[in-house]
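In the numbering used here, the protein residues as written are 492 to 810.
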């Protein structure tokens with residue numbers, strides 16, 4: 492319910508802050524989000540607060556490059572928000588009644604308004620008047636949304652096929668990913684980098700689909716091929732267990748099974764994969780999911796989150 496932050500620049504603490512510090516201006520926080528250079532929080536009243544880089548108006552409409560303290564988004568006073576997601580230069584939020592609002596830099600159609608115009612105030616994505624959105628995620632320059640009916644909609648930059656529409660043209664409005672057919676999507680996660688983009692998709696059967704750049708095993712399909720349409724990862728790669736959570740990073744992806752085991756695929760040798768052998772092998776990569784054995788035994792992982800090149804895991808309490 493209370494929000495703490497620690498500012499780190501490289502290996503040095505910025506502004507002399509060497510430990511987590513409580514942000515006194517934020518209370519009763521229900522949801523948080525960290526983007527490339529700005530962050531946000533939603534409180535119990537459904538109000539959104541943002542801070543950080545504001546060069547594209549993604550934090551507030553004032554002409555200031557940096558907002559150093561959480562600022563309430565006044566353009567959402569008439570709605571109740573329950574999720575916010577921060578991309579590179581843009582922000583998207585979801586209301587309790589399943590509507591999406593977006594603002595910031597509009598390049599590539601990432602705001603979902605049918606054009607590439609930027610917005611400095613939250614603007615309703617009007618192309619979804621009858622769609623009840625239950626989840627939204629902002630990547631570097633694209634975004635995904637999941638509807639209550641289990642439909643995946645994607646929009647924004649698509650130069651690497653990460654949107655899953657079978658082509659590489661930008662998509663200016665939320666568009667259903669038809670290639671998923673009758674699959675009921677419950678969650679989707681965007682990769683965090685500006686290159687090598689991919690999307691991870693979780694369906695209600697516990698299967699994971701991936702699409703986009705497959706270099707260095709990002710897609711977890713057992714090879715490094717790029718794909719323009721979502722491709723299913725075999726459950727056998729997860730020890731024949733269903734997956735309950737999937738989180739995409741910059742060059743790797745993690746999945747949590749129903750028993751709380753964690754699997755990773757992709758690349759990274761600075762610790763972000765969680766695999767011990769990754770620290771010993773230069774240019775480490777795995778093309779299919781590998782279980783992370785270093786996590787504490789007997790304490791299943793509840794959920795994961797990633798900011799790109801590092802991962803946080805929430806485990807059950809130690810009995």
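Cβ atoms here follow ideal geometry from the backbone N, Cα and C, with glycine treated the same way.
Extent of the continuous beta strand (DSSP E) run through residue i
| i | result |
| --- | --- |
| residue 686 | From DSSP, residue 686 is part of no beta strand (DSSP E); its letter is neither H nor E. |
| residue 787 | Here residue 787 belongs to no beta strand (DSSP E), and DSSP marks it neither H nor E. |
| residue 621 | First-last for residue 621: undefined, no H or E at that position. |
| residue 586 | 581-586 |
| residue 736 | 734-739 |
| residue 744 | 743-748 |
| residue 576 | 572-577 |
| residue 592 | 591-595 |
| residue 552 | Looking at the DSSP string, residue 552 is not in any beta strand (DSSP E), and its letter there is neither H nor E. |
Residue of the options minimising C-alpha distance to residue i
| i | options | result |
| --- | --- | --- |
| residue 587 | 623, 648, 771 and 781 | 623 |
| residue 470 | 667, 536, 555 and 538 | Since the first residue of the chain shown is 492 and the last is 810, residue 470 is not available in this structure. |
| residue 438 | 563, 549, 647 and 638 | Any answer about residue 438 is impossible in this case: the structure gives the chain only from 492 up to 810. |
| residue 612 | 774, 524, 657 and 592 | 592 |
| residue 446 | 688, 717, 687 and 722 | The structure shown does not extend to residue 446, since the chain spans only 492 to 810, so no value can be given for it. |
| residue 590 | 675, 575, 598 and 597 | 575 |
| residue 640 | 630, 571, 597 and 672 | 672 |
| residue 716 | 573, 702 and 808 | 702 |
| residue 550 | 536, 530, 537 and 534 | 530 |
| residue 796 | 610, 619, 778 and 523 | 523 |
| residue 562 | 605, 770, 755 and 538 | 538 |
| residue 650 | 635, 521, 685 and 616 | 685 |
| residue 877 | 773, 778, 770 and 619 | Past the edges of the chain, shown from 492 to 810, lies residue 877, and the structure says nothing about it. |
| residue 700 | 739, 687 and 706 | 739 |
| residue 610 | 582, 657, 620 and 625 | 582 |
| residue 466 | 607, 621, 512 and 532 | Absent from the model: residue 466. The displayed extent of the chain is 492 to 810, so no value can be given. |
| residue 540 | 548, 564, 546 and 557 | 564 |
Proximity below 8 Å, CB of residue i to CB of residue j
| i | j | result |
| --- | --- | --- |
| residue 749 | residue 732 | yes |
| residue 776 | residue 708 | yes |
| residue 580 | residue 663 | no |
| residue 803 | residue 793 | no |
| residue 652 | residue 670 | no |
| residue 787 | residue 746 | no |
| residue 782 | residue 713 | no |
| residue 614 | residue 594 | yes |
| residue 643 | residue 627 | no |
| residue 719 | residue 689 | no |
| residue 665 | residue 603 | yes |
| residue 691 | residue 737 | yes |
| residue 528 | residue 683 | no |
| residue 585 | residue 516 | no |
| residue 633 | residue 681 | yes |
| residue 675 | residue 704 | no |
| residue 441 | residue 761 | Residue 441 falls outside the range modelled here, since the chain spans only 492 to 810, and no answer is possible. |
| residue 518 | residue 534 | yes |
| residue 800 | residue 741 | yes |
| residue 526 | residue 629 | yes |
| residue 766 | residue 755 | yes |
| residue 751 | residue 791 | yes |
According to DSSP, residues forming a beta bridge with residue i
| i | result |
| --- | --- |
| residue 700 | 692 and 723 |
| residue 630 | According to DSSP, which records beta bridges pairwise, residue 630 is partnered with nothing at all. |
| residue 782 | 754 |
| residue 523 | 532 |
| residue 544 | 557 |
| residue 667 | 644 |
| residue 777 | 757 |
| residue 614 | 593 |
| residue 795 | 804 |
| residue 563 | 540 |
| residue 662 | 647 |
| residue 718 | 703 |
| residue 676 | 694 |
| residue 635 | 628 and 645 |
Cβ-heavy atom distance, residue i to the ligand MG, below 7 Å
| i | result |
| --- | --- |
| residue 669 | Inclusion of the ligand MG in the displayed structure is not the case, the ligand content being empty and no account of it being possible. |
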